[in-house]
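Peer 1: Order-wise, the sequence lines are chains A and B. For the first sequence, our numbering assigns the number 256 to the initial residue and increments by one for each residue that follows. For the second sequence, our numbering assigns the number 26 to the initial residue and increments by one for each residue that follows.
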Amino acid sequence: MENEKYKILLVDDDEELCALLSEFLQTDGFVVETLSSGDAAVSRLLESDEFDTVVLDIMMPGMSGLDVLRNVRAKKQTPILMLTGRGDDIDRILGLEMGADDYLAKPCNPRELAARIRAIIRRTQNANAPTQAMVHAELHGIVLDSGSRSALVNNTTLPLTGAEFNALSLLMARVGQTISKQEMTEEVLNRPLEAYDRAMDVHVSRIRQKLAAAGINDVIKSVRGVGYQMLTPSPR
Amino acid sequence: MKRSELWQTLKHTFGFKRLFWRIFLTFWLASLLVMAATGYVLVSKYSSDEYNQRYFNDVLSQAERIVWRYEQDLSNGNVPKGKIKEWIGRNVKKRSDLIPMQIVDNTGRTIYHFRMNKVKPRDRTERLVYGLSALPYRVEIRLPEAPRIFKQVLYRFQSLQFVFIFIASALVSALLSWGIVRPINYLGAFSRRYANQQQVAAPPKAMLARGDELGDLAADISFMINKTHQAASNQQQLLHDVSHELRAPLARLQASAAIIEQHNPESRHVKQIHSDCERMSALIQQILNYSKLEKVNPVVEMCNVNRLCERVADDMAVHYPSIPIEFNGYPNAEISGYPEALHQALENIIGNACKYSPRGEPVELSTQKQGNTVIISVRDHGPGVKEDEMEKLLQPFYRAGNQMHTSGFGLGLSIAKKAIEKHGGTLRMHSPTDGGLLVEMVLPIHQQK
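#1: Would you say threonine 398(B) reaches chain A, if we count a Cβ-Cβ gap shorter than 7 Å as a contact?
#2: In chain order, what residues of the same chain have a beta carbon less than 6 Å from the beta carbon of leucine 264(B), not counting five sequence neighbours either side?
#3: Using a Cβ-Cβ distance cut-off of 7 Å, determine whether aspartate 356(A) contacts chain B.
#4: Just mark lysine 442(B) as buried or exposed, buried being the case when its beta carbon has 16 or more other beta carbons within 10 Å.
#5: Can you tell me where the beta strand (DSSP E) with aspartate 312(A) in it begins and where it stops?
#6: Compute the distance between the beta-carbons of proline 362(A) and arginine 235(B), then report whether it is under 7 Å.
#7: Can you tell me whether threonine 333(A) is helix, strand or coil according to DSSP?
#8: Assign glycine 431(A) to buried or exposed, taking buried as 16 or more other Cβ atoms, counted over all protein chains shown, within 10 Å of its Cβ.
#9: By Cβ distance below 6 Å, which residues in the same chain neighbour proline 457(B) in space, the five residues on each side in sequence not counted?
#10: Measuring only between beta-carbons, confirm whether tyrosine 451(A) sits less than 7 Å from chain B.
#11: Out of Pro349(B), Tyr423(B), Glu75(B) and Ala444(B), point me to the one whose CA is closest to aspartate 405(B)'s CA.
#12: Within the region 380-447 of chain A, note down every full alpha helix (DSSP H) run reaching 4 residues or more, in order along the chain.
#13: Tell me which residue opens and which closes the beta strand (DSSP E) that alanine 360(A) is part of.
#14: Output needed for leucine 423(A): all residues of its chain with C-beta closer than 8 Å, excluding positions within five of it in sequence on either side, in chain order.
#15: Would you please verify whether the beta carbon of serine 306(B) is less than 7 Å from any beta carbon of chain A?
#16: Going along the chain, which residues of its own chain have a beta-carbon closer than 6 Å to the beta-carbon of aspartate 283(A), five neighbours each way excluded?
#17: Do asparagine 25(B) and glycine 435(B) have their CB atoms nearer than 7 Å?
#18: Around the Cβ of leucine 333(B), are there at least 16 other Cβ atoms within 10 angstroms (buried) or fewer (exposed)?
#19: State the CB to CB distance for the pair glutamine 399(B) and threonine 392(B), rounded to an integer number of angstroms; the pair is presumed to be in contact (CB under 8 Å).
#20: From histidine 448(B) to leucine 212(B), what does the alpha carbon distance come to, in whole angstroms?
#21: Should proline 229(B) be labelled buried (16 or more other beta-carbon atoms within 10 Å of its own) or exposed?
#22: Considering only their Cβ atoms, is the gap separating valine 164(B) from arginine 152(B) smaller than 7 Å?
#23: Which residues in chain A have a C-beta closer than 7 Å to the C-beta of leucine 275(B)? List them in chain order.
#24: What three-state label does DSSP hand isoleucine 374(B) in the structure shown?
#25: Could one say the Cβ of phenylalanine 285(A) lies closer than 7 Å to chain B's Cβ atoms, at least one of them?
#26: Closest Cβ-Cβ distance between arginine 371(A) and chain B: below 7 Å?
#27: Let me know the beta strand (DSSP E) ranges lying completely inside the region 94-168 of chain B, each 3 residues or longer, listed in chain order.
#28: Could you check what DSSP says for glutamate 257(A) in three-state terms: helix, strand or coil?
#29: Is tyrosine 483(A) closer than 7 Å to serine 477(A) when the C-beta atoms are compared?
#30: How about isoleucine 445(B) and asparagine 373(B): do their beta carbons lie closer than 7 Å?
#31: So which residues of chain B does phenylalanine 279(A) contact, with C-beta pairs closer than 7 Å?
#32: Excluding the 5 residues preceding and the 5 following tyrosine 261(A) in the sequence, name in chain order all residues of the same chain whose CB lies nearer than 6 Å to its CB.
#33: For proline 447(A), which residues from the same chain have a beta carbon less than 8 Å from its beta carbon, with the 5 sequence-adjacent residues on both sides left out?
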């Protein structure tokens, strides 16, 4: 990690906080650029692929973090970490959400922020690493290609984010088993599960929505109080 | 007890309350009394005039006959004193028709006397009667007595008329009473609606356009509700803004502390700053939650109570890994309510249970249906709470045993209570005999409109 400096874009309307966080993250070894408005963030992100992770505050005057996410996600897969207000109606926000890679409640300890950013970067770097074995899996008509990190349904590519792909491949690899939220968070997001942590639920619900849009329903079951399970296909 | 039951039945059957009956009865009684008094006056005046007229007519005709007889006797030459009485006695139908009187001729001689001895001078009156001889005779009689009034009244008000008046006055009174009570009831419902649902609606124009005292009252209530609402929402807004504004500097403080920590990783003081920042952040969160509960909640949603319980239990499992939560859900425990508020209540109560539970002791969480309520019970095996402290626990910033715990602000239970009350439910606490604390949230399944 030391030989390459990762570049972070920090978007928050509180400029003083941006300055402090960027000082912290720079000391921690990141290259940080800050922007204080949603519009600026969208145009910057659409013109450039140089950022390894974007930290995006949801509550911003004018164009909100969710709007930025929607605009960027339509064209780019840059990893995005959302800063949500603590105690905001998180489920409602996440229901509207368009596929961020992780979430962090604000105010937070900057060390936690740095750890989350590292987790995201590690995940995307691993995914891009060519050493990863090519795995083809097929289940319920979903074809996973871990080489291109894409999922195909009826030869149509499902638009999955990195975290969603990881979650889906984990579920498919262990079909018929219930995987706890804790384990999934660690495997998929490279970080421990926290209290009030809905990130995994959001990712799974996004996968379900995308599968349903492709005509595949009810293949991922929620196991109450534990986690999720990919159902074994019933023999025809 | 019986009376109040009867009263309740009446209230429900007629949909009217005390005031209605009070006004109704007062008006009715008053109108009946007025009518009776009028009747009395009319009847007494009318009948006494008539009675007097008849009395004097009778007196005069009797006296004229006596005088005629006397003059005849006189012209015949003999004046038999007792004969006239005897004669007149024969000439009337019954003896009681004889009117007491004394007739005196112009020389002062009494020519006829019947039962006037005992009549006092002030009860006497006199008339003049002329005989055929054109001589005047003075007739002394007693004043007419008052007629027997009630007999007369009853005689005059024939029963059917009376019933008609009775019903008509009842109808008029009921209308009057209803006209007063109905707008009052309406205003009551109007303010209740505000209190329960914080709906600010103007009272209907018809009410305001009345122009009477009730119209003024409606305008005043409407004014008051608007003022109250404004004050309440200003306060909410203020609380909300202040909390939000506190968060920004807090985030900067945390960031600054983290930067200092980078240069000086072993600093105890920075760790202190971090832990206090966490604590303040949590407090701000609680205050925001508390103020949010006061806010208008326009939509009632279906809440799957079991799912909420599981979700909170999941969070607690991460927070308190050493406390197992045993969940026992009644199937389809659903209520209509406010999921977010309910979630907060559950989080605070289950969180408390976990916090005070000894390591490894389970927290028992269950839902059940009882009548039209769903009851969520949370039972821990911790130190429990003394009976006299239970009430106080529900006050903001109160902590059991006056202990200052490193986490918590004494807001959790007040938030829970508020959230439950928002649903029209109740929060109960019990001390089970075998220790620990049992908290029950009783929630109505359907929200009252």
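A virtual CB, placed ideally from N, CA and C, is assigned to each residue, including glycine. Please read all numbers here as calculations on a predicted model, not as lab measurements.
Peer 2: Per the coordinate set shown:
#1: Not one beta carbon of chain A lies nearer than 7 Å to the beta carbon of threonine 398(B).
#2: Once the five neighbours on either side are set aside, the close Cβ partners of leucine 264(B) are Ser316.
#3: Interface residue (Cβ-Cβ distance to chain B less than 7 Å): aspartate 356(A) is not classified as such.
#4: Lysine 442(B) comes out buried.
#5: Per DSSP, the continuous beta strand (DSSP E) segment holding aspartate 312(A) begins and ends at 308-312.
#6: In this structure, arginine 235(B) does not lie closer than 7 Å to proline 362(A) by Cβ.
#7: Looking at threonine 333(A) - three-state DSSP - the assignment turns out to be coil, as it is neither helix nor strand.
#8: Exposed.
#9: Only Leu463 meet the Cβ criterion.
#10: Answer yes: the Cβ-Cβ gap between tyrosine 451(A) and chain B drops below 7 Å somewhere.
#11: Checking every option, the nearest Cα to that of aspartate 405(B) belongs to Pro349(B).
#12: Runs of the alpha helix (DSSP H) inside the region 380-447 of chain A: 417-428 and 436-444.
#13: The continuous beta strand (DSSP E) containing alanine 360(A) extends over residues 357-361.
#14: Listed in chain order, the non-local C-beta contacts of leucine 423(A) below 8 Å within the same chain comprise Ile397, Leu399, Ala406, Leu415 and Ile462, local neighbours out to five positions each way being set aside.
#15: Yes - at least one Cβ of chain A is within 7 Å of the one on serine 306(B).
#16: A distance below 6 Å between beta-carbons, with the five flanking residues on each side excluded, links aspartate 283(A) to the following residues of its chain, in chain order: Ala369.
#17: Limits of chain B in this structure are 26 at one end and 474 at the other, which puts residue 25(B) out of reach.
#18: It is buried - the Cβ of leucine 333(B) has at least 16 other Cβ atoms within 10 Å.
#19: At residue 399(B) the sequence reads valine, which differs from the glutamine that was named. For a cut-off of 8 Å, the C-beta gap from valine 399(B) to threonine 392(B) is around 6 Å, short enough to register as a contact.
#20: Histidine 448(B) and leucine 212(B) have their C-alpha atoms roughly 24 Å apart.
#21: Burial state of proline 229(B) is exposed, judged by a 10 Å Cβ sphere holding fewer than 16 other Cβ atoms.
#22: Against a cut-off of 7 Å, the Cβ pair of valine 164(B) and arginine 152(B) comes out as a contact.
#23: Contact of leucine 275(B) with chain A by beta-carbon distance below 7 Å involves Pro362.
#24: Correct three-state label for isoleucine 374(B): helix.
#25: By this cut-off, phenylalanine 285(A) is not an interface position.
#26: No, its Cβ sits nowhere closer than 7 Å to a Cβ of chain B.
#27: Segments of the beta strand (DSSP E) lying fully in the region 94-168 of chain B: 126-129, 135-139, 149-155 and 161-167.
#28: Unreliable positioning characterises glutamate 257(A) in this predicted model, as indicated by a pLDDT of 48, which lies under 50. The coordinate reading is nonetheless provided below. Here glutamate 257(A) sits in coil by DSSP.
#29: In this structure, tyrosine 483(A) lies closer than 7 Å to serine 477(A) by Cβ.
#30: For isoleucine 445(B) and asparagine 373(B), no; Cβs fall outside 7 Å.
#31: Chain-ordered, the chain B residues with CB closer than 7 Å to the CB of phenylalanine 279(A) read Ala280, Ala283, Ile284 and Gln287.
#32: The answer, listed in chain order, is Phe285, Asp307 and Ile376.
#33: Hits under 8 Å: Gln437, Thr440 and Glu441.
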